[in-house]
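**Student:** Structure below; questions to follow.
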Amino acid sequence: MADPKKPRAPFAPWDRRELPGTFTVEDTAKRVGHYKWVEMRLFEALGGWVATVPELDVKMRLGTHCYKHAWHSELWHKRLPELREMNPDRLTRPPNEAMEEFFKVLTEPEDQGQTIEKLVGVYRVLIPRKIAAYTYHLNNTSTITDAPTIRSLKLALNDEFDDWRDGEMLIQALIETDEEVERAAAHQTRLEKIMLRAGGVAGPGSLGSVPETMTEEVPV
Amino acid sequence: MTKVVVIPEAFTLVHFESGRIQDLAAKVAGLVGLPADVEIRIEVEEQSPLGRVRVESIDPITIAVQGGAFEHAKKPRQLSDDSVVDVLGRVFHRIKDRLDPDFGKPPPDAELTLQQATAWDAYCVGRSDRLGLHPSKARRLYHFRNRHGFTDVADATFERLWNAEHLTWADIEAACAATASARQPA
Amino acid sequence: MKKNMPPDELARDGRFVRVNMVERISDPRNGRGPTGGRVGARLTPDRPGAPDAARALMHGIFVGEIQALEGAGRTCWDFEVGAGSDDVPFQLKLDMARQCWDEARHCEISVKLSEWMGTEIGEFAESTFLFEAACNPDPVLRLTGVNRALEGLAIDVFNTMKEFGNVVGDPVLEFCEDWMLADEVTHVKMGSDWLRRLTVDDPERRKRALEFQRIVDKLFSGGGFRGDDEDSPVHLARRFREMAGFTVDEIDEISDLARQARAEARARTAGATAGAAAEAG
Ligand SMILES: [Fe+2]
Ligand SMILES: [Fe+2]
Numbered sequence: 001m002a003d004p005k006k007p008r009a010p011f012a013p014w015d016r017r018e019l020p021g022t023f024t025v026e027d028t029a030k031r032v033g034h035y036k037w038v039e040m041r042l043f044e045a046l047g048g049w050v051a052t053v054p055e056l057d058v059k060m061r062l063g064t065h066c067y068k069h070a071w072h073s074e075l076w077h078k079r080l081p082e083l084r085e086m087n088p089d090r091l092t093r094p095p096n097e098a099m100e101e102f103f104k105v106l107t108e109p110e111d112q113g114q115t116i117e118k119l120v121g122v123y124r125v126l127i128p129r130k131i132a133a134y135t136y137h138l139n140n141t142s143t144i145t146d147a148p149t150i151r152s153l154k155l156a157l158n159d160e161f162d163d164w165r166d167g168e169m170l171i172q173a174l175i176e177t178d179e180e181v182e183r184a185a186a187h188q189t190r191l192e193k194i195m196l197r198a199g200g201v202a203g204p205g206s207l208g209s210v211p212e213t214m215t216e217e218v219p220v
Numbered sequence: 001m002t003k004v005v006v007i008p009e010a011f012t013l014v015h016f017e018s019g020r021i022q023d024l025a026a027k028v029a030g031l032v033g034l035p036a037d038v039e040i041r042i043e044v045e046e047q048s049p050l051g052r053v054r055v056e057s058i059d060p061i062t063i064a065v066q067g068g069a070f071e072h073a074k075k076p077r078q079l080s081d082d083s084v085v086d087v088l089g090r091v092f093h094r095i096k097d098r099l100d101p102d103f104g105k106p107p108p109d110a111e112l113t114l115q116q117a118t119a120w121d122a123y124c125v126g127r128s129d130r131l132g133l134h135p136s137k138a139r140r141l142y143h144f145r146n147r148h149g150f151t152d153v154a155d156a157t158f159e160r161l162w163n164a165e166h167l168t169w170a171d172i173e174a175a176c177a178a179t180a181s182a183r184q185p186a
Numbered sequence: 001m002k003k004n005m006p007p008d009e010l011a012r013d014g015r016f017v018r019v020n021m022v023e024r025i026s027d028p029r030n031g032r033g034p035t036g037g038r039v040g041a042r043l044t045p046d047r048p049g050a051p052d053a054a055r056a057l058m059h060g061i062f063v064g065e066i067q068a069l070e071g072a073g074r075t076c077w078d079f080e081v082g083a084g085s086d087d088v089p090f091q092l093k094l095d096m097a098r099q100c101w102d103e104a105r106h107c108e109i110s111v112k113l114s115e116w117m118g119t120e121i122g123e124f125a126e127s128t129f130l131f132e133a134a135c136n137p138d139p140v141l142r143l144t145g146v147n148r149a150l151e152g153l154a155i156d157v158f159n160t161m162k163e164f165g166n167v168v169g170d171p172v173l174e175f176c177e178d179w180m181l182a183d184e185v186t187h188v189k190m191g192s193d194w195l196r197r198l199t200v201d202d203p204e205r206r207k208r209a210l211e212f213q214r215i216v217d218k219l220f221s222g223g224g225f226r227g228d229d230e231d232s233p234v235h236l237a238r239r240f241r242e243m244a245g246f247t248v249d250e251i252d253e254i255s256d257l258a259r260q261a262r263a264e265a266r267a268r269t270a271g272a273t274a275g276a277a278a279e280a281g
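Protein chains in written order, with the numbering used here: chain A, 1 to 220; chain B, 1 to 186; chain C, 1 to 281.
Have a look at this one:
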């Protein structure tokens, strides 16, 4: 071993973390509050749907995924006070009314014959949007100051990718006719349009740049 | 065709039809190859939802059945054709063996050990399967493992009994002895 | 999707057939002589029908797991986070989501275990009583009825099955029950903890919840299916219940309830037998 008294660089040569990041503490808390709200709405919906889907494999997957999103919401809930938000409920809110509308439409399907719609809303629209927002956040926050958020984002993203794959494969296995392809596409289109207005799971700026038509964030 | 008598003639606690049981029993008896000139008496204890079946005597052939054995597992108090065929396929093979002097002299049903009964059942139900009566092999294997051990020897013995024809009581006893020695801790 | 889904809307594929409690209770065979009724003897390997009894019981557990999954899922959906009497704390919802995952695993375990035991999915009828208890509109009553009464019963059943697996030497059965039992203890504990926390300032509500639990407990001790007696098919798992937050007094009370239910069933049997003898005479 080298001389223990010899001075060493505080950042090892392979440690490329940098100080600057895109988000302030306040920006981060706001985004995290939106994440928590979205994760909560999602786990509640998945839990509610379990009893409404007759397909055993889907039923069991939804039950499993329900917990993962509940756990994400808990991660975000615990992160909020660390971001100077001592009342986590205050920031636990949707980014805008369009996001509220999105969840209203997402949870509309209830009948036993609507498993395709239920899955499409979650796995073809919402989860890809969550992956996008989380990835953007992960890649743009300060790798030094915001390490706790990064850790949670990575844990959540790991689940999101797994669940997206599960959900997408279930959809592919369930769709057997042209008519079902169209049903899936129609529901996806309907939800995508609302999501477009919402600007992503963290509102406009979910992916950084804000489209010109969306420069004003609509408070709820 | 074998004559079948079902007791009671009319059921009051369950929705069983004795005529239906008679028809199915006669069909299965023919398939199994019971002598056409014997009479079979099936006494159903309709108040019992349990599923015990016992050959009470061979001459005359008398089978005591707890009602649950013939009952539809999903529709309480309804007769299940599949259950009747499954139960009688197994029991008729046992009777056929008892009537066959070459089979040997097994103890009466009430004196069979659990190992002897399940080993003999495996042999009986395997033959039912080959007659196209569609019994559940997985269920029988589980019964067998419960009685003969969860060992490779038990599984191989089950497979042999299931696929066998023309066994004797001595073969059944030998099968029991083989699985018993595999159950002994080394 | 609406809140508070009625039990008859539970989604199942074509393999499952439902029987209701009324049908079971009004079965005219109940209480007719020594072999009448559904309740058999203790689940021990020396019973000739033990493997089939274990298979049927395991299928009952399987559909119970599906309903437990569905019930926990509905509790995530049916209530808002808040402090009102119709609301629930955020943490309670997280517990229910965790239970969803656990019950989903129990369904997976049950499917594999049933296959191992030679049982087909939907081979036996399904009674939806567990989910019915999970439809109580008061979240405290719902958790008490489901997590303390029914999941408590699950502890007793799993423990009995685990012992059965051990005695017959079925390594798969024993392994599966051991793991499910561990989860059920945490579920019962959730019920005990939330009952205590949510009714700390509301003794009336606690009383109602415990009364609801008693009703559910008694129904499932019906005819002596579960109890402390040597020949009860399913035994009260005292040690695991204590781990799950039951006091000794509470366990004694369930034992008494079971004994009472058993005595009532015996009296009914004796009455029916005497009646039949009188008719015959
Ligand atoms: Fe469970
Ligand atoms: Fe549970």
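Where a beta carbon is used, it is the ideal one built from N, C-alpha and C, also for glycine.
Does L79 (chain B) come out as helix, strand or coil in the three-state DSSP assignment?
**Tutor:** Position 79 of the second sequence holds residue 79 (chain B). The answer is strand: DSSP assigns L79 (chain B) an E or B state.
**Student:** Return helix, strand or coil for A201 (chain B), following the three-state DSSP convention.
**Tutor:** Nothing can be reported for residue 201 (chain B), as the shown portion of chain B is limited to 1 through 186.
**Student:** So which residues on chain A does I117 (chain C) lean against when the C-beta distance must stay under 9 angstroms?
**Tutor:** Position 117 of the third sequence holds residue 117 (chain C). Contrary to the premise, residue 117 (chain C) reads as Met rather than Ile in this sequence. Per Cβ cutoff of 9 angstroms: no residues; M117 (chain C) is ~18 angstroms from chain A at best.
**Student:** Determine, using beta carbons only, whether V122 (chain A) comes closer than 8 angstroms to chain C.
**Tutor:** Position 122 of the first sequence, counting from 1, holds the residue named residue 122 (chain A). No, its Cβ sits nowhere closer than 8 angstroms to a Cβ of chain C.
**Student:** Taking only the alpha-carbon atoms, compute the straight-line gap between G282 (chain C) and W49 (chain A) and give it to the nearest angstrom.
**Tutor:** Past the boundaries of the shown model lies residue 282 (chain C); chain C is included only from 1 to 281, so the question cannot be answered.
**Student:** Determine, using beta carbons only, whether T44 (chain C) comes closer than 8 angstroms to chain B.
**Tutor:** If you number the third sequence from 1, residue 44 (chain C) lands on position 44. Cβ-Cβ to chain B under 8 angstroms: no for T44 (chain C).
**Student:** According to DSSP, simplified to helix, strand and coil, what is A125 (chain C)?
**Tutor:** Residue mapping note: residue 125 (chain C) aligns to position 125 of the third sequence, counting from 1. Three-state DSSP puts A125 (chain C) in coil, outside helix and strand.
**Student:** Please tell me whether R259 (chain C) and S192 (chain C) are closer than 8 angstroms, where the distance is taken between their beta carbons.
**Tutor:** Position 259 of the third sequence holds residue 259 (chain C). Position 192 of the third sequence holds residue 192 (chain C). No; because the gap between Cβ atoms is not below 8 angstroms, this pair is not in contact.
**Student:** For F158 (chain C), go through chain B and note every residue whose CB falls closer than 8 angstroms to its CB, in chain order.
**Tutor:** The count along the third sequence starts at 1 and reaches residue 158 (chain C) at position 158. What F158 (chain C) touches in chain B: nothing, since even the nearest Cβ is about 19 angstroms away.
**Student:** Please list the partners that G47 (chain A) has in chain C, where partner means a Cβ-to-Cβ separation under 8 angstroms.
**Tutor:** Taking the first sequence and counting its residues from 1, the one referred to as residue 47 (chain A) is at position 47. Correct list: A72, G73, R74, T75, C76, W77, M96, A97, C100.
**Student:** Run the proximity test for H59 (chain C): is its beta-carbon closer than 7 angstroms to any non-hydrogen atom belonging to ligand 1?
**Tutor:** Taking the third sequence and counting its residues from 1, the one referred to as residue 59 (chain C) is at position 59. The answer is no for H59 (chain C).
**Student:** In chain B, which residues lie with their C-beta within 7 angstroms of the C-beta of F124 (chain C)?
**Tutor:** Taking the first residue of the third sequence as 1, we reach residue 124 (chain C) at position 124. A73, K74, listed in chain order.
**Student:** For L106 (chain A) versus G167 (chain A), is the C-beta spacing smaller than 8 angstroms?
**Tutor:** Counted from its first residue, the first sequence places residue 106 (chain A) at position 106. Counted from its first residue, the first sequence places residue 167 (chain A) at position 167. No, these two residues do not count as a Cβ contact at 8 angstroms.
**Student:** Return the chain-ordered ranges of every alpha helix (DSSP H) run that is complete within the region 71–116 of chain C and spans a minimum of 4 residues.
**Tutor:** The qualifying runs are 90–116.
**Student:** Kindly list, in the order they appear in chain C, the residues whose Cβ is closer than 8 angstroms to that of Y123 (chain B).
**Tutor:** For the purposes of this step, residue 123 (chain B) is identified with residue 123 of the second sequence, where counting begins at 1. The premise fails here: Y123 (chain B) is roughly 17 angstroms from chain C at the closest Cβ pair, so nothing lies under 8 angstroms.
**Student:** With P139 (chain C) and T75 (chain C) assumed to form a contact (beta carbons below 8 angstroms), what rounded beta-carbon distance in angstroms separates them?
**Tutor:** Residue mapping note: residue 139 (chain C) aligns to position 139 of the third sequence, counting from 1. Residue mapping note: residue 75 (chain C) aligns to position 75 of the third sequence, counting from 1. That pair is a contact at about 7 angstroms.
**Student:** Where do the ends of the alpha helix (DSSP H) carrying A175 (chain B) lie?
**Tutor:** Along the second sequence, one-based indexing puts residue 175 (chain B) at 175. Unbroken alpha helix (DSSP H) run through A175 (chain B): 169–183.
**Student:** So which residues touch the region around ligand 2, with touch meaning a C-beta under 7 angstroms from any heavy atom?
**Tutor:** C:A68, C:Q99, C:D102, C:E103, C:H106, C:E151, C:A154, C:D183, C:E184, C:H187
**Student:** Per the contact definition of three or more C-beta pairs closer than 8 angstroms, is the region 171–182 of chain A in contact with the region 71–88 of chain A?
**Tutor:** With a cut-off of 8 angstroms on Cβ pairs, the region 71–88 of chain A is not in contact with the region 171–182 of chain A, counting fewer than three such pairs.
**Student:** At which residues does the beta strand (DSSP E) containing E160 (chain A) begin and terminate?
**Tutor:** Here the question's residue 160 (chain A) lines up with position 160 in the first sequence. Here E160 (chain A) belongs to no beta strand (DSSP E); instead the alpha helix (DSSP H) covers 147–174.
**Student:** Is any non-hydrogen atom of ligand 1 found closer than 7 angstroms to the C-beta of M1 (chain C), if you look at the structure I gave you?
**Tutor:** For the purposes of this step, residue 1 (chain C) is taken as residue 1 along the third sequence, with counting starting at 1. No; taking the cut-off as 7 angstroms, the Cβ of M1 (chain C) has no heavy atom of ligand 1 nearer than that.
**Student:** For S57 (chain B), write down the residues that DSSP places opposite it in a beta bridge.
**Tutor:** Numbered from 1 along the second sequence, position 57 holds the residue referred to as residue 57 (chain B). DSSP output for S57 (chain B) lists B:T62 as bridge partner(s).
**Student:** Under 7 angstroms between beta-carbons, which chain C residues line up against Y67 (chain A)? List them in chain order, please.
**Tutor:** On the first sequence, residue 67 (chain A) is found 67 positions in, with the first residue counted as 1. Correct list: A97, R98, C100, W101.
**Student:** Ends of the beta strand (DSSP E) at R41 (chain B)?
**Tutor:** On the second sequence, residue 41 (chain B) is found 41 positions in, with the first residue counted as 1. Counting along the chain, the beta strand (DSSP E) containing R41 (chain B) begins and ends at 39–45.
**Student:** Of all the options C:A261, C:N30, C:F16, which has the alpha carbon lying nearest to the alpha carbon of S48 (chain B)?
**Tutor:** Taking the second sequence and counting its residues from 1, one reaches residue 48 (chain B) at position 48. Here the closest residue by C-alpha is C:N30.
**Student:** Pull up the distance between the alpha-carbon of Q184 (chain B) and that of D171 (chain B), whole angstroms please.
**Tutor:** Start at 1 with the first residue of the second sequence, and residue 184 (chain B) comes out as number 184. Start at 1 with the first residue of the second sequence, and residue 171 (chain B) comes out as number 171. If you take the alpha carbons of Q184 (chain B) and D171 (chain B), they lie about 20 angstroms apart.
**Student:** Give the DSSP-derived three-state secondary structure of V200 (chain C) in the structure shown.
**Tutor:** Position 200 of the third sequence, counting from 1, holds the residue named residue 200 (chain C). In this structure, V200 (chain C) counts as coil in the three-state DSSP scheme.
**Student:** If you measure between the beta carbons of I40 (chain B) and V4 (chain B), is that distance less than 8 angstroms?
**Tutor:** Numbered from 1 along the second sequence, position 40 holds the residue referred to as residue 40 (chain B). Numbered from 1 along the second sequence, position 4 holds the residue referred to as residue 4 (chain B). Yes, Cβ-Cβ distance for I40 (chain B) and V4 (chain B) is below 8 angstroms.
**Student:** Can you tell me whether V22 (chain C) is buried or exposed? The criterion is at least 16 other CB atoms within 10 Å of its CB, across all chains shown.
**Tutor:** As a working mapping, residue 22 (chain C) is identified with position 22 in the third sequence. So V22 (chain C) ends up on the exposed side.
**Student:** If the cut is a Cβ gap below 7 angstroms, which residues of chain C does F43 (chain A) touch?
**Tutor:** Against the first sequence, residue 43 (chain A) aligns to sequence position 43. C76, A97, listed in chain order.
**Student:** When the Cα of S80 (chain B) is compared with those of B:L24, B:F150, B:T157, B:L167, which residue comes out closest?
**Tutor:** For the purposes of this step, residue 80 (chain B) is taken as residue 80 along the second sequence, with counting starting at 1. The residue with the shortest Cα to Cα distance from S80 (chain B) is B:L24.
**Student:** CB-CB under 7 angstroms to P137 (chain C), same chain, minus the five flanking residues each way: which ones, in chain order?
**Tutor:** Looking up residue 137 (chain C) in the third sequence gives position 137. Excluding positions up to five away in sequence, the list reads N4.
**Student:** Are the C-beta of D170 (chain C) and some C-beta of chain B separated by less than 8 angstroms?
**Tutor:** Within the third sequence, numbered from 1, the residue matching residue 170 (chain C) stands at position 170. Taking Cβ atoms only, chain B reaches closer than 8 angstroms to D170 (chain C), which makes this a yes.
**Student:** Measuring from the CB of E123 (chain C), is there a heavy atom of ligand 1 at a distance below 7 angstroms?
**Tutor:** To locate residue 123 (chain C), count along the third sequence from 1; it is residue 123. Closer than 7 angstroms to some heavy atom of ligand 1: that does not describe the Cβ of E123 (chain C).
**Student:** Taking E110 (chain A) as the query, report the chain C residues whose CB atoms sit under 8 angstroms from its CB, ordered along the chain.
**Tutor:** In the first sequence, residue 110 (chain A) corresponds to position 110, counting from 1. The contacting residues are M1, K2.
**Student:** Is the beta carbon of F131 (chain C) closer than 8 angstroms to that of Q67 (chain C)?
**Tutor:** Position 67 of the third sequence, counted from the first residue, corresponds to residue 67 (chain C). Position 131 of the third sequence, counted from the first residue, corresponds to residue 131 (chain C). Result yes, Cβ atoms of Q67 (chain C) and F131 (chain C) sit closer than 8 angstroms.
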